[in-house]
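Protein chains in written order, with the numbering used here: chain X, 7 to 288; chain C, 0 to 262.
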Ligand SMILES: Nc1ncnc2c1ncn2[C@@H]1O[C@H](COP(=O)(O)OP(=O)(O)O)[C@@H](O)[C@H]1O
Ligand SMILES: [Mg+2]
């Protein structure tokens, strides 16, 4: 037996994954199309049954609304521009709270990595704060920050901050201790270990947290608007509800759902742009 | 600070009566390392073999300054240092590549820590990756590399900071035989051509004998040195297959096997 004089040239990756990847992608695209078709079909069936029910099959349109009236309502909201105004207000509150809460929570959570002692001291307080139902904080937010934008921003921020903190801290603690040892063996200071290892390693968890908290921020903003407000989607829902204008409630709800979907899509886009290594090869 | 004066230069690394007991503070002490002493000379390759769980990894962490010893001391060129010594390379069975860094950026990690400028970092990384046959893969993320390629990148990272002493903990044990032989050869070349010193921890007796100048055999936990074997194989010491064909090779492997006391 002899050893080869040179290393066997490793095969070109473009070749060994290129082939299966494209066919797999084609397969995935096809099944995605099928899934989307089925989803549309399901939606159509539900809306159809709903419409048929309220058109004389004994379902009370006054209590349950009806798709056609809701659609007309949405059109009216587009025409008088209230849809954009309300979505804009709620969107701003949500986005502001989302950014502020995540910034605050992530910075605090990651900084706890630097001191095990401090993290153990604050742990029960974080848990206590995390278990407070967010609705219960609304009166306080309104007393402190008034009935305008600031109180909704506070509500959205509060709904996000604890989750963001816990997620970031867990992410930082989850770093492989062998990896930390490797950094130490390379002579890295604690700050270098944080910057080169802990921060990027936690990004995966932090982004998972972002996807989660975008919804939380929206709930916070809407709850704030429910309590007291003069604009926003929460205000529109609340007002329509108190007037028994069910179709209007549903219309505003549909806009809220659309807003949530748009915001989550934006977060996913940003994740793709910032963490390319997670999407390149799987 | 203790220092050891004497005839000639002090070896790059010596362990003096190293011992480690875990959990002494909660009243249930577990002695992992009894007492281990040895020297690692300049340009020397020494392997440490021992039964699984006997404390080899712990021993390496003591030497590297990642864990404090319960008794004994580690001397670098005859002096005791606080913390992690400079100019050591440390590598484990896990490649520990950072998935968000390309192969090249993983290799330059240690240089970045030492704030070497970007141009020099890249030049060094390219040189090493070329030498290890990975020149075309510098810009690939680890997830796109095979196990053997990833371990080569880890090897390049270990050599990039120009270590005087290499501490390797079962670095090749997860690789298939052919890849292992090749990467052992590359390691031997990189170490011997530049007179670095290598302390290799392994449970693979054949790897230890074919690669090293000396093999140290450890006992079960709490481990102590059972015996030392000088490996005197003639010929090109970087040719792993040729080493394995020598009659002395088989004899030494069998002898060490019997001393290993695998239960
Ligand atoms: N931090 C620790 N605390 C308590 N016991 C430990 C610790 N680290 C290792 N050990 C124990 O020490 C023994 C030796 O471990 P290790 O050094 O990893 O062995 P080896 O590398 O030889 O397989 C094991 O039984 C392990 O359970
Ligand atoms: Mg081990």
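Where a beta carbon is used, it is the ideal one built from N, C-alpha and C, also for glycine.
Beta-carbon to beta-carbon, residue 33 of chain C and residue 223 of chain C are separated by about 4 Å, close enough to satisfy the 8 Å threshold. Straight-line measurement puts the Cα of residue 91 of chain X at about 26 Å from the Cα of residue 143 of chain X. Taken in chain order, the whole alpha helix (DSSP H) runs of length 4 or more contained in the region 102-147 of chain C are 102-106, 108-112 and 117-130.
For residue 191 of chain X, the nearest beta carbon of chain C is closer than 8 Å to its own beta carbon. The C-alpha of residue 96 of chain X lies about 51 Å from the C-alpha of residue 135 of chain C.
Residues of the region 167-194 of chain X with a C-beta less than 8 Å from any C-beta of chain C: 182, 184, 185, 187, 188, 189, 190, 191, 192, 193 and 194, listed in chain order. Interface flag for residue 160 of chain C against chain X is set, since a Cβ pair is found closer than 8 Å.
Neighbours of residue 87 of chain C in chain X, taken as residues at a C-beta separation under 8 Å, are given in chain order as 191. Listed along chain X are 184, each with a C-beta nearer than 7 Å to that of residue 93 of chain C. Listed in chain order, the positions of the region 71-84 of chain C with a beta carbon within less than 8 Å of a beta carbon of chain X are 83. Beta-bridge pairing by DSSP links residue 164 of chain C to C/87 and C/196.
Using a Cβ distance threshold of 8 Å, residue 64 of chain C and residue 84 of chain C count as a contacting pair. Residues of the region 140-159 of chain X that bring their beta carbon within less than 8 Å of a beta carbon in chain C are absent altogether. Non-local C-beta neighbours of residue 217 of chain X in its own chain, meaning closer than 6 Å and more than five positions away in sequence, comprise 273, ordered along the chain. For residue 227 of chain C, the beta-bridge partners assigned by DSSP are C/215. Annotation: the region 146-229 of chain X contains the following complete segments of the alpha helix (DSSP H) (minimum length 4 residues), in chain order: 155-179, 183-191 and 196-199. Between ligand 2 and the CB of residue 168 of chain C, the shortest heavy atom gap is smaller than 7 Å. Relative to the Cα of residue 205 of chain C, the nearest Cα in the group C/218, C/86 and C/243 belongs to C/243.
With a cutoff of 8 Å on beta-carbon distance, residue 159 of chain X and residue 103 of chain X are scored as near each other. Under the Cβ criterion of 8 Å, residue 198 of chain X is counted among the residues facing chain C. In this chain, the alpha helix (DSSP H) harbouring residue 57 of chain C covers 55-62. The three-state reading of DSSP puts residue 237 of chain C in coil, since its state is none of H, G, I, E or B. Within the region 204-234 of chain X, 206 place their CB atoms closer than 7 Å to a CB of chain C, listed in sequence order. The beta carbon of residue 121 of chain C sits no closer than 8 Å to any beta carbon of chain X. Put simply, of C/129, C/9 and C/191 the residue whose alpha carbon is nearest the alpha carbon of residue 78 of chain C is C/9. For residue 91 of chain C, the CB contacts under 6 Å within the same chain, skipping 5 residues up- and downstream, are 168 in chain order. Inter-residue distance for residue 154 of chain X and residue 271 of chain X is about 28 Å (C-alpha atoms, whole angstroms).
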